[in-house]
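A short worksheet on the structure shown next.
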Amino acid sequence: MQRILNNPDNIVDEMLEGFAKCHGDIVKQVITSEENTRGVIAAVDAPKAGKVGVVTGGGSGHKPAFIGYVGKNMCDAAAVGEICSSPTALAFLEAFRAADGGAGIACLYGNYSGDNMNVKMASKMAKREGLVVKTVIANDDVASAPKDQREKRRGVAGEILMWKCGGAKAALGGSLDEVIATAQKAIDNTRSVGIGLTPCTLPAVGHPNFEIKPGTMEVGIGHHGEPGIEVCPLETAAQMAKRMVDIVVPDYPYQAGDEVVVLVSGLGATPVMELYVLYNEIDKLLKAQGIQTYRSYVGNYFTSLDMMGATLTIMKVDDELKELIDMDATSVGFRQP
Amino acid sequence: MQRILNNPDNIVDEMLEGFAKCHGDIVKQVITSEENTRGVIAAVDAPKAGKVGVVTGGGSGHKPAFIGYVGKNMCDAAAVGEICSSPTALAFLEAFRAADGGAGIACLYGNYSGDNMNVKMASKMAKREGLVVKTVIANDDVASAPKDQREKRRGVAGEILMWKCGGAKAALGGSLDEVIATAQKAIDNTRSVGIGLTPCTLPAVGHPNFEIKPGTMEVGIGHHGEPGIEVCPLETAAQMAKRMVDIVVPDYPYQAGDEVVVLVSGLGATPVMELYVLYNEIDKLLKAQGIQTYRSYVGNYFTSLDMMGATLTIMKVDDELKELIDMDATSVGFRQP
Amino acid sequence: MAVVKNENGRDILLSMVKAVQDNKQYLGDVDGLIGDGDHGMNMNKGFTLYGKQLGDEKTTFTNGLFELGKVLLNKIGGSMGPIYGTVFMEMADQGDEVEEIDLQLFINMMEAGLEGLYDIVDARPGDKTLVDTLFPALEALKAAHTQGRDFPDALDDMVAAARQGKDSTKDLVAKYGRSARLGERSRGVLDAGATSCFIILEAMAGGMQKTME
Amino acid sequence: MAVVKNENGRDILLSMVKAVQDNKQYLGDVDGLIGDGDHGMNMNKGFTLYGKQLGDEKTTFTNGLFELGKVLLNKIGGSMGPIYGTVFMEMADQGDEVEEIDLQLFINMMEAGLEGLYDIVDARPGDKTLVDTLFPALEALKAAHTQGRDFPDALDDMVAAARQGKDSTKDLVAKYGRSARLGERSRGVLDAGATSCFIILEAMAGGMQKTME
Ligand SMILES: Nc1ncnc2c1ncn2[C@@H]1O[C@H](COP(=O)(O)OP(=O)(O)O)[C@@H](O)[C@H]1O
Ligand SMILES: Nc1ncnc2c1ncn2[C@@H]1O[C@H](COP(=O)(O)OP(=O)(O)O)[C@@H](O)[C@H]1O
Ligand SMILES: [Mg+2]
Ligand SMILES: [Mg+2]
Ligand SMILES: [Mg+2]
Ligand SMILES: [Mg+2]
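One line per chain: the protein sequences are Y, U, B and C, in this order. The first sequence begins at 1 in our numbering and counts up one residue at a time. The second sequence begins at 338 in our numbering and counts up one residue at a time. The third sequence begins at 675 in our numbering and counts up one residue at a time. The fourth sequence begins at 888 in our numbering and counts up one residue at a time.
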């Protein structure tokens, strides 16, 4: 394993230390209990009195997610888990506290059983402290369950658009219910799919714990290597784009005349130039269907350590979502304009 | 080779098409001759009348370099070469034209023989057209030649700081000579070194064309896999940081009390969380020497396709460089604040 | 009728800690087959942290369970923190401050643990999770009680049922957790959580029996 | 005294194109040993583009050289575009618009090519670059002229010297280009540019000799 590490068991803590040092203009590390010495990452000016606090959290290894989306007009705080493992309930609770400006907390996170349990327990504890927490659970990954079981689907890169819209809504002074409704609309309007080209290796494990045979690709792979819908021979960028569009577009379904935001994210180790090649093909296919791209993002937005591959995320936008997606934002992973 | 491609020979053109489509708010693709159908990437509002045009260029495969540093208060245009190969003289010439606002062109590029020749020929042709071109050649890579042969050293991630400072100076209305002097000062104040952990694979070749044995690392590796100063057993992040600091700091030398900008860039496939672990160690070492970090940047700023590893770049700043480095900027690869 | 003196908790808890530590590699391997291979690491980290926290101190069994649960909940993320954290803390709540734990109280504790678990997970018997170990273990305790068996024998019955339950997961298809995504491909392998749950119950029972000797 | 009719350029240029195409793989392999392996690809791309541009048209030798140089300069980046682009365009400039090229003029052309190259690169004989092929080739032509040899024979001398020059790079240490970084490790292998330069000169000479038959 050719990696940059000290003790693999400390990688998350060391990463956080470096992250907080480097980005002190955007975030701060808030440590409020002896039991969670890692603390949480909060926006430098959080909590903001009177503003709904937007919170997220999840396992590490998805840089810039999750802490990279804390900042101005994005999330106010994020709980940090071990690599590919949900943060503790305590960490979520501390993130709620760090983000609480008295107007309630919108916890916007992804649909993984560990996160569900820990957010549930954190919410219970928060209630005892008088905090009001409501949640939106991202489930944009089309490949992870059939459409009639959408509630089982995982959250993937679509979460970024949910944070962007929810964060902007909160920044504009939206009430807790409004922020929740907007974030829910954002994720309801969003579909994603991923293609994996290589497995990833957890530092503490030292070897890939699943396999993608060279010459094949895994369509519908999850961010932790969860098996996809199909393993097939490696295809050209144009063919991959077609597969992704054919999975994502009919599921919503996005139709001619719809305006959409398109996000193509690398899974970590795929050279960014290839993401643009893929995006170029996706764009052609969407244009051919009369779907109009309102904005697009290409880059390593939601990764899986050193996995190769990419995800496609599409969100349909209406006037409200357009205003929110257009708003400026300053987080480590997402800066606009 | 598990990669996202159509025809490997077209990858640069397809990437550019996707890049230009995605980032139409920041850049445009300017095609002015039949002989260079790829054109150049220019800032969306280039050329700006009365402003010195800042131009760069280089081979592809280093995303976000070079085109990712074109934008507001950064470069005005970039010439685009094949993967790991200098752009043509014509491409540089067209970049000069695209950036020319009548106040001269500052061509800020890296010290590679192909780039040197093509810029030289482009400058000759430009002169015939009445364009005034002056150059600064980045040579921040300490490992590529001894100190008494600094003129032979390659340019690596330090180029980003040169573009940042040169671009800001031009944006502030600096004359051509002022922009050149500032960019020269920026790169003269800058030193870099890289450590490679895995080789990279050129899409058209299909297999790595050099080797880094698992369990070893190459200290001083170049951005195209140019051999470094030493191959040694793989070390911990703390040890790597020490090696890098011990190469970079004494070369300038940076001293107690100096204020510096620190840039840690991944080489492409190293998970970003590991870059923060490395940065954390570097920061400790600099602090221990009394060197003060004025600003720091961590991320995939200057890559080599799917190579694993990282580079460390340090630039000493004075009041002028501080003002310039602080200025806001909007390019695909570098956005501030 | 034999009882567990609550004040003798230390040895019971330490035998649980040791069992998890001893099986770190094994649990990781089991999880590696259809999960992500970190179950041994997760469990070991939590139980070892608790062991360190306990140090040389004495503890009642219920207090120890509560503290162990809190460590898991506060220090171990993922699914295991809330799952085992809830089970242990709910068990502790039932037996809080008592001097002696008899079979009936232990049944109540186990029942509370399972109920607490049902509160946060949707998994039920047959879904290839630790519920497949925990549920039959509780049923066996109840049956032993009805049959009037002594506490140590009831614990033997519990361990046997837990083992059977754990082994039964081999032929099941996972419905929750990471392996659920494998569908039919998850059949033929033990569930990691069911395996660790058996190991913990076996160690707990052994520890309890020892204090009753 | 034999001369090359400038109007017969097409066959000479096509034989140069073909030689590069035929050696694409070989040049790539040579470059792969101490460079980045793309020399065959780079050269093939440029020469093939020129071949396509020429199509079925006739061309004078000097015009063809100029166009070939322009294609290299405008379409091939890296080092090869400016290096061979300069050499060919400078050669063409010397012989511009003439009807016949005799040995003296050809020497002037080659000299101009080398001078142009010296203008943009610092490499000189012994630095393990294409200069090690080009320089002795020119020297051989001059010597043949002094000795009063006929043009076709002088070309034979040139090719022999170019081959020797190319082979001499094997024992040299690279000072410029990518392989320079290898230092002593670059010894023992041919230089890619020196090799392609030999292949091109050989094809050019052969083509010229054919038109003189
Ligand atoms: N939603 C769930 N409901 C019940 N049990 C679960 C659930 N998710 C996971 N488990 C249990 O957790 C075990 C895996 O634990 P572990 O490997 O530590 O966590 P992770 O799955 O997060 O890597 C599974 O074998 C299963 O018994
Ligand atoms: N600075 C230089 N001066 C002279 N010749 C050079 C120089 N750089 C490269 N060359 C020549 O170019 C050849 C390599 O060409 P090629 O592989 O096409 O380009 P690159 O080195 O950019 O990959 C070398 O073998 C050498 O002969
Ligand atoms: Mg896990
Ligand atoms: Mg090359
Ligand atoms: Mg697991
Ligand atoms: Mg080469």
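All C-beta atoms in this analysis are idealised placements derived from N, C-alpha and C, irrespective of residue type, glycine included. Being a predicted model, the structure only gives us computed values, none of them experimental.
The beta-carbon of residue 6(Y) is placed no less than 8 Å from the nearest beta-carbon of chain B. In the displayed model, residue 74(Y) falls within coil according to three-state DSSP, outside both helix and strand. Annotation: the continuous beta strand (DSSP E) that includes residue 108(Y) extends over 105-110. Considering only beta carbons, the part of the stretch 417-446 of chain U lying closer than 8 Å to chain C consists of 418, 419, 421, 422, 423, 424, 425, 426, 427 and 428, in chain order.
Between the alpha carbons of residue 88(Y) and residue 419(U) lies a gap of roughly 48 Å. The Cβ-Cβ distance between residue 186(Y) and residue 165(Y) falls below 8 Å. Here the stretch 176-186 of chain Y makes no contact with the stretch 274-286 of chain Y; the two share fewer than three CB pairs at distances below 8 Å. Annotated three-state conformation of residue 512(U) is coil, per DSSP. According to the DSSP assignment, residue 28(Y) belongs to no alpha helix (DSSP H) but to the beta strand (DSSP E) extending over 27-30. Between residue 790(B) and residue 761(B) the beta-carbon gap is near 6 Å, inside 8 Å, which marks them as a contact. Residue 888(C) counts as exposed, since fewer than 16 other beta carbons sit within 10 angstroms of its beta carbon.
Using a CB distance below 8 Å, the part of the stretch 1063-1096 of chain C facing chain U consists of 1063, 1064, 1065, 1068, 1069 and 1072, ordered along the chain. Contact with chain Y is absent for residue 686(B), since none of that chain's Cβ atoms lies less than 8 Å from the residue's Cβ.
Contact between the stretch 444-454 of chain U and the stretch 462-481 of chain U is established, with three or more Cβ pairs separated by less than 8 Å. Under the three-state reduction of DSSP, residue 230(Y) is assigned to strand. With a threshold of 16 other beta carbon atoms within 10 Å, residue 624(U) falls short and is exposed. The nearest non-hydrogen atom of ligand 1 is less than 7 Å from the C-beta of residue 803(B).
Only residues of its own chain outside the window of five on either side were considered, and among them 718, 721 and 722 have a CB closer than 7 Å to the CB of residue 695(B), listed in chain order.
By the 16-neighbour rule on beta-carbons within 10 angstroms, residue 965(C) is buried.
About 10 Å separates the beta carbon of residue 834(B) from that of residue 818(B), a gap too long to meet the 8 Å contact definition. For residue 1066(C), the shortest C-beta to heavy atom distance toward ligand 3 is 7 Å or greater.
Between residue 637(U) and residue 381(U), the alpha-carbon positions lie close to 24 Å from each other. DSSP lists 555(U) and 646(U) as the beta-bridge partner residues of residue 533(U). Using beta-carbon distances, residue 73(Y) does not count as an interface residue toward chain U, since no partner is under 8 Å. For residue 634(U), same chain residues with a beta-carbon under 6 Å away, outside a window of 5 residues either side, are 600 in chain order. With 16 or more neighbouring CB atoms inside 10 Å of its own CB, residue 314(Y) falls in the buried class. About 13 Å separates the Cβ atoms of residue 666(U) and residue 499(U), ruling out a contact at the 8 Å cut-off. The alpha carbon of residue 147(Y) has as its nearest neighbour, out of 168(Y), 94(Y) and 191(Y), the alpha carbon of 191(Y). For residue 591(U), the three-state secondary structure derived from DSSP is coil. A distance filter of 5 Å between CB atoms and the heavy atoms of ligand 6 selects the following residues in sequence order: 918(C), 922(C), 923(C), 925(C) and 926(C). Within chain U, the residues 355 and 359 have their CB atoms less than 7 Å from the CB of residue 279(Y), given in chain order. In this model, residue 756(B) and residue 117(Y) are separated by some 6 Å (Cα to Cα). Between ligand 1 and residue 873(B), a heavy atom-to-CB distance of less than 7 Å is absent. Inter-segment contact for the stretch 1049-1060 of chain C and the stretch 1077-1097 of chain C is present: three or more beta-carbon pairs are separated by less than 8 Å. For residue 29(Y), the number of other beta carbons within 10 angstroms of its own is at least 16, and it is reported as buried. Contact of residue 756(B) with chain Y by beta-carbon distance below 7 Å involves 89, 117, 118 and 121.
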